[in-house]
Amino acid sequence: MWRRRVASVVTRRWSSTCAVTCADSLIALIKKAPGRNDTDDARDVLRNTSAIDLSVTDAYGSTALTLAARGGHLELCHDLLDVLDTPRSTAPRATVLNQANMFGSTPLMCASASGHVDVCHLLLEAGVDVDVRTRYGSTALSKAAEAGHAAIVDALLAAGATSSPNALGKTPFELAEAKGHVLPQLQEAPMKDERCSARVTSWRSASLIECQLTSTGEFVLVEKADARQRTPINAALELTFADGRWHIAHVPASTRPAKQRCLHPRRPFEKKCVDCPDKR
0 MWRRRVASVV TRRWSSTCAV TCADSLIALI KKAPGRNDTD DARDVLRNTS AIDLSVTDAY
60 GSTALTLAAR GGHLELCHDL LDVLDTPRST APRATVLNQA NMFGSTPLMC ASASGHVDVC
120 HLLLEAGVDV DVRTRYGSTA LSKAAEAGHA AIVDALLAAG ATSSPNALGK TPFELAEAKG
180 HVLPQLQEAP MKDERCSARV TSWRSASLIE CQLTSTGEFV LVEKADARQR TPINAALELT
240 FADGRWHIAH VPASTRPAKQ RCLHPRRPFE KKCVDCPDKR
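Note that numbering that gives the first Met the number 0 numbers the sequence shown so that position 98 is 97, with each residue one more than the last.
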């Protein structure tokens, strides 16, 4: 019995090692491909492998799918997506489809920024998340808009992408306009205007603070209507986006009881005071 267990463990480890090695080889071949149609070697490796971990990344966190999408290798992207649906893939499909590199870019973002329309259509049909955001609030739509790829913008909007602002409060339309691109379809794009919970991470000035959105983890700059409004670090807030900027919609009341009046302002909250008239 124990021999069977040991043999099973060894087999699984060997299979896992082979899957990672094949993925590393595939990534290296994709990087060496000189043109969009020069991926025969990479496709041969993918066809001849019995197991492969497509969540393996290079030094910058990019998977084989991310590199193929960025390079516009449509047929290779087809093959990679087909493998994800077979037992040969050791990585979850949803993980690989939306896996971000160290810069926060997903395969769809890379294809959108590079202008590869066919790859974008393929990824959208595969079910990628169209509204994934980077730490700075960039989306596939904002990247396509900033690069002026009108056809990709249309495809993303048709797939349900929302024209959300980035961390600096710039919408995709404003990013495109700043680069001299005319994309009127972005003016009518739906925007997220619901309240978002966040916490204060830093103060930039008396009227400007940095917050981290709870839902996405991205950092945004928020304007305070009243500079005297107290917003301690790590305080919970509710934000809304209007007129191209983030605003404080509501400051939840603190659940911590107020500190009793004391003549010693530096007294810790938990420490009793025996010298003042209003003792705890």
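All C-beta atoms in this analysis are idealised placements derived from N, C-alpha and C, irrespective of residue type, glycine included. If you're wondering where the values come from, they're calculated on a predicted model, not measured in any experiment.
Limits of the beta strand (DSSP E) - the one that I208 falls within: L207 to L212
Near R42, what residues of its chain come up, given a Cβ to Cβ distance below 8 Å and the 5 sequence neighbours on each side ignored? E74, L75 and D78
What did DSSP end up calling F172 once you bin it into helix, strand or coil? helix
Name the one or two DSSP bridge partners that R244 has. Partner residues in the beta bridge of R244, as assigned by DSSP, are A241.
Going by other Cβ atoms of all chains shown within 10 Å of its Cβ, with 16 needed for buried, is P86 buried or exposed? exposed
Backbone CA spacing between A63 and A32 [nearest angstrom]: Cα to Cα, the separation comes out at about 12 Å.
Contact check, F218 vs Q211 under 8 Å by CB: the rounded distance? 5 Å
Which residue spans inside the region 84-156 form an unbroken alpha helix (DSSP H) run of at least 4? 92-96, 106-113, 116-125 and 139-146
Since V219 is in the beta strand (DSSP E), which residue starts that stretch and which ends it? Residues F218 to E222.
Could you have a look at H77 and say whether DSSP puts it in helix, strand or coil? helix
For S61, which residues in the same chain have their Cβ closer than 6 Å to its Cβ, ignoring the five residues on either side in sequence? N100
So for V82, helix, strand or coil by DSSP? helix
Among the residues of its own chain, which have a CB less than 7 Å from the CB of L83, if the five just before and after it don't count? Excluding residues within five positions, the ones whose Cβ falls inside 7 Å are L53, R92 and V95.
Alpha-carbon to alpha-carbon, I232 and A257: Because A257 carries a pLDDT of 47, less than 50, the predicted location of this residue cannot be relied on, and the following value inherits that uncertainty. About 18 Å.
Around the Cβ of P164, are there at least 16 other Cβ atoms within 10 angstroms (buried) or fewer (exposed)? buried
Relative to the C-alpha of V118, which candidate in G126, L107 and T48 has its C-alpha closest? L107
In chain order, what residues of the same chain have a beta carbon less than 8 Å from the beta carbon of L155, not counting five sequence neighbours either side? Result list for L155: S111, C119, L123, V129, A139, L140 and A143, in chain order.
Check for me: the beta strand (DSSP E) holding V199 runs from which residue to which? C195 to W202
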